[in-house]
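Residue numbers (our numbering): 6 to 102.
Just so you know, even glycine gets a beta-carbon here, dropped at the ideal spot from N, CA and C.
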Amino acid sequence: MGAITNYLTHANANTYGMFATSRRTNEMILAARAAMADFFNCAAEEVVFGQNMTTITLGLARAIGRELKAGDEIVVTTLDHDANVGPWRALEERAWL
């Protein structure tokens, strides 16, 4: 809770602005990406944050969907949250699937 209060009090701003709060926001995001990269054992540039899981997955499904060909498969299960199922199921509407 302290980290959220600190951010909202001292750094709550749009990214890449010319304000001190924007610079603090950028620094916080870079630090979070570095921490997640360490956790996932990947490069910080490979870590992406977005609005929410549904929005990120919709964008990912659209991007991957442009490259799919007949016979390609995306596997989802009934255990998956709809935010992970819906975007991939939407690809089924394509004529070749």
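- Asparagine 89 and threonine 62 do touch by the CB rule: their CB atoms are close to 6 Å apart, below 8 Å.
- In the DSSP annotation of this structure, the continuous segment of the alpha helix (DSSP H) that includes histidine 15 starts and ends at 7-15.
- Annotated three-state conformation of methionine 41 is helix, per DSSP.
- Less than 8 Å separates the beta-carbon of alanine 66 from that of tryptophan 93.
- Under the DSSP assignment, isoleucine 61 falls in the alpha helix (DSSP H) whose first and last residues are 58-70.
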